[in-house]
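What follows is a single structure, written as structure tokens, with notes after it.
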Amino acid sequence: MSRVDVTPAAAELVRELTEQHGPVMFHQSGGCCDGSAPMCYPDGDLLLGDADVHLGDLDVGLDRPVPVHMSRAQYEYWSHTHLTIDVVRGRGAGFSLEAPHGVRFLIRSRLLGDEAAGSTPTD
Numbered sequence: 052m053s054r055v056d057v058t059p060a061a062a063e064l065v066r067e068l069t070e071q072h073g074p075v076m077f078h079q080s081g082g083c084c085d086g087s088a089p090m091c092y093p094d095g096d097l098l099l100g101d102a103d104v105h106l107g108d109l110d111v112g113l114d115r116p117v118p119v120h121m122s123r124a125q126y127e128y129w130s131h132t133h134l135t136i137d138v139v140r141g142r143g144a145g146f147s148l149e150a151p152h153g154v155r156f157l158i159r160s161r162l163l164g165d166e167a168a169g170s171t172p173t174d
């Protein structure tokens, strides 16, 4: 069961960003200078390690899925939720690929059902 999804509008933007930058990936930011936002990077630009959790992959209609990651420490707080990546107008984070487009990705969350709350993400 996937813990992540994407809205049609966000999927369209991901396709555009992939056309411009090549394959992309998301990392759910834990705060600091960019707040708590899903950050979109060229795949491989953000070094991942044992402190990161692979939440799942987004199917946005490309040749390959778009991976979504989160820090393991932050996952402890979000483990009971299903996350949906959406996009809205507004200034995005300076480090995320959508920033120059006048939009920003954001997370919409909902509680997981009892059957999914005990499941673990893929590593």
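Start counting at 1 in the sequence shown, then tack on 51, and there's your number in our numbering.
Just so it is clear, CB atoms sit at the ideal spot from N, CA and C, and this is done for glycine as well.
For Gly-154, collect the residues of the same chain with a Cβ closer than 8 Å to its Cβ; drop the 5 residues on either side in sequence, then sort them by chain order. Sequence index remark: in the sequence shown, residue 154 carries index 103 (1-based). The identity of residue 154 in the sequence shown is Val, whereas the question assumes Gly. So the qualifying residues of the chain are Leu-64, Val-138, Val-139, Arg-140, Gly-141 and Gly-143.
Arg-54: buried (16+ other C-beta within 10 angstroms of its C-beta) or exposed? What you label residue 54 is simply residue 3 of the sequence shown in a count that begins at 1. Counting Cβ neighbours within 10 Å, Arg-54 comes out buried, since at least 16 surround it.
Could you give the distance in angstroms between the alpha-carbon of Asp-96 and the alpha-carbon of Gly-112? Residue 96 sits at position 45 when you count from the first residue of the sequence shown. Residue 112 sits at position 61 when you count from the first residue of the sequence shown. Looking at the two C-alpha atoms, the distance is approximately 22 Å.
For His-120, count neighbouring Cβ atoms within 10 angstroms of its own Cβ and tell me buried if that reaches 16, exposed if not. Here the question's residue 120 lines up with position 69 in the sequence shown. Answer is buried; the Cβ neighbour count reaches 16.
Where His-105 sits in the DSSP three-state scheme: Locating residue 105 in the sequence shown gives position 54, where the first residue counts as 1. His-105 falls in the strand class under three-state DSSP.
Run the proximity test for Pro-151: is its beta-carbon closer than 8 Å to any non-hydrogen atom belonging to the ligand MN? Although the ligand MN was asked about, the structure shown includes no ligands whatsoever.
Hey, which unbroken runs of the beta strand (DSSP E) at 3 residues or more fall wholly within the stretch 59–140? 75–79, 89–93, 103–109, 117–122 and 132–140
Taking the DSSP output, what are the residues bridged to Arg-161? The residue labelled residue 161 in the question sits at position 110 within the sequence shown. Its beta-bridge partners are His-133.
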